[in-house]
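First up is the structure itself, then whatever we jot down about it.
Chains as they are written, first to last, in the working numbering: chain A, 1 to 222; chain B, 1001 to 1169.
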């Protein structure tokens, strides 16, 4: 008998050997489908209402911000807020220098850089980026999309496109950072799938990371 | 040995098995990365908010990261499935032609050869397509999207080749 005509060495035999990965992948895809279905229900019912206004009070969600006039009609808007145990004058420098090629976004830059964003969070205040001006470009990634600075109220507001970082002093040593973000226009099925399927979730992780990063930097620079 | 000595092989099944190994490897890689991303982001959240204020944020970010990783893996699984099918066919063909004596050394050689035949042109095309972005300046990007997946692919080819010789010929 030729070696190639021998029965398989494995007692399981070729049929079972091929059946194993088939069962494994079928179970894997079923598990993935189940997870996605459960996540969809949980996301719509619980997670989305929570994260679209993460940390913000009812009043802050309804409050008009200086950047509101730059928000296009018909977009999805989130309002998130966090209390920082530092005066606004110590928070503002970290907001002023946000951007790729500047002080980074103070978010999870190790995630951003998986997409060649070339973003590096500064761990100190960078004097050269402390005076953003209307019309300056703020990049989201290297050689990637950018938006113009729409409004600057030094020490209080930075608005890029319609994205607003708004500082509210809460006494001498505390500041409320409110961040209002408008989605890109969702005018087609493709744009809706991209926004609701990937972008909104990715943005929530990165924006929460950014707000935590700003809080950490401002509070540690005592 | 002549070609007529060989048992008939269901090439469709071989390709399908390879495709499934590619899909399974994609999800395994994505799962490992997802766990890493959840653990690392949780460290930041706990560090800034403290354990008592962080649970809602931790849960939201962890579930969302798990979803994003799963969604990306699902969207990207077609490529590894095709690569898995192609490499399984090549390994099966090469093993039947050159490794009738079931030599593990030859199996390793075939695994490396098939992996190289697919990985080297793929990386060359990616290098051409991405240009400057495929550089050490973006080492995280290159390692995450191409370096580690290539390592997983080469390992899978080696294991498939060895397993093929042991079980299926």
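Glycine included, each C-beta is placed from N, C-alpha and C at the ideal position.
Going by Cα to Cα distance, which pick from A:52, A:43, A:65 is closest to residue 1068 of chain B? A:43
With a threshold of 7 angstroms on Cβ separation, who are the neighbours of residue 52 of chain A within its own chain once the five nearest residues in sequence on each side are excluded? 78
What number of angstroms, rounded off, separates the C-alpha of residue 139 of chain A from the C-alpha of residue 1020 of chain B? 40 angstroms
Taking only beta-carbon atoms, is residue 1108 of chain B less than 8 angstroms away from chain A? no
Express the C-alpha separation of residue 1102 of chain B and residue 4 of chain A in angstroms, rounding to a whole number. Its pLDDT being 40, under 50, residue 4 of chain A is placed unreliably in this model, and the value from its coordinates should be taken loosely. Using only the alpha carbons, I get a separation of about 9 angstroms.
Opposing strand residues paired with residue 176 of chain A [DSSP bridges]: A:83, A:168
Please compile the residues from chain A whose C-beta is within a distance smaller than 9 angstroms of the C-beta of residue 1068 of chain B. 198, 201, 202, 205
Which residue wins for smallest C-alpha separation from residue 122 of chain A, given the options A:209, A:45, A:104? A:104
Can you pull the chain B neighbours of residue 209 of chain A, defined as C-beta to C-beta under 9 angstroms? 1041, 1044, 1045, 1061
Establish whether the CB of residue 1071 of chain B and some CB of chain A are separated by less than 8 angstroms. yes
Look up residue 158 of chain A in the DSSP assignment and say whether it is helix, strand or coil. strand
For residue 51 of chain A, go through chain B and note every residue whose CB falls closer than 7 angstroms to its CB, in chain order. 1060
Provide the residue(s) that pair with residue 137 of chain A in DSSP beta bridges, ordered along the chain. A:148
Use the C-beta contact count for residue 30 of chain A: other C-beta atoms within 10 angstroms, 16 or more gives buried, fewer gives exposed. exposed
Cross-strand partners of residue 163 of chain A (DSSP beta bridge): A:160
Between the CA atoms of residue 26 of chain A and residue 1026 of chain B - distance to the nearest angstrom: 14 angstroms
Give the residues from the stretch 110-134 of chain A that approach chain B closer than 8 angstroms (Cβ to any Cβ), ordered along the chain. 110, 111, 113, 114, 115, 116, 118
Hey, is residue 44 of chain A's beta-carbon within less than 8 angstroms of any beta-carbon in chain B? no
Is it the case that the stretch 1085-1096 of chain B contacts the stretch 1043-1059 of chain B, given that we only count it when at least three CB pairs across the two stretches are under 8 angstroms? no
For residue 220 of chain A, which of B:1013, B:1009, B:1048, B:1012 has the nearest alpha-carbon? B:1048
Taking the alpha carbon of residue 1095 of chain B as the point to measure from, which residue in B:1119, B:1141, B:1164 has its own alpha carbon closest? B:1164
Classify residue 78 of chain A as helix, strand or coil using the three-state DSSP reduction. strand
For residue 95 of chain A versus residue 165 of chain A, is the C-beta distance shorter than 8 angstroms? yes
Starting from residue 182 of chain A, follow its DSSP beta bridges and name the residues at the other end. A:77
Members of the stretch 1021-1034 of chain B that neighbour chain A once the beta carbon cut-off is set at 8 angstroms: 1021, 1023, 1024, 1027
Three-state class that DSSP yields for residue 125 of chain A in the structure shown: coil
Do residue 1022 of chain B and residue 1073 of chain B come within 8 angstroms of each other at the CB atom, strictly closer than that value? no
Classify residue 104 of chain A as helix, strand or coil using the three-state DSSP reduction. strand
So does the stretch 1032-1046 of chain B actually touch the stretch 175-189 of chain A, counting three or more Cβ pairs closer than 8 angstroms? no
Residue 153 of chain A - DSSP class collapsed to helix/strand/coil: strand
If we cut at 8 angstroms on Cβ distances, does residue 1090 of chain B have a partner in chain A? no
Comparing the C-beta of residue 39 of chain A with each C-beta of chain B, is any distance below 8 angstroms? yes
Report, in whole angstroms, the separation of the C-beta atoms of residue 1061 of chain B and residue 208 of chain A, which I expect to be a contact under 8 angstroms. 6 angstroms
Confirm, please, whether the CB-CB distance from residue 1029 of chain B to residue 1143 of chain B is below 8 angstroms. no
Decide if residue 153 of chain A is buried, meaning its Cβ has at least 16 other Cβ atoms within 10 Å, or exposed. exposed
Please tell me whether residue 1110 of chain B and residue 1098 of chain B are closer than 8 angstroms, where the distance is taken between their beta carbons. yes
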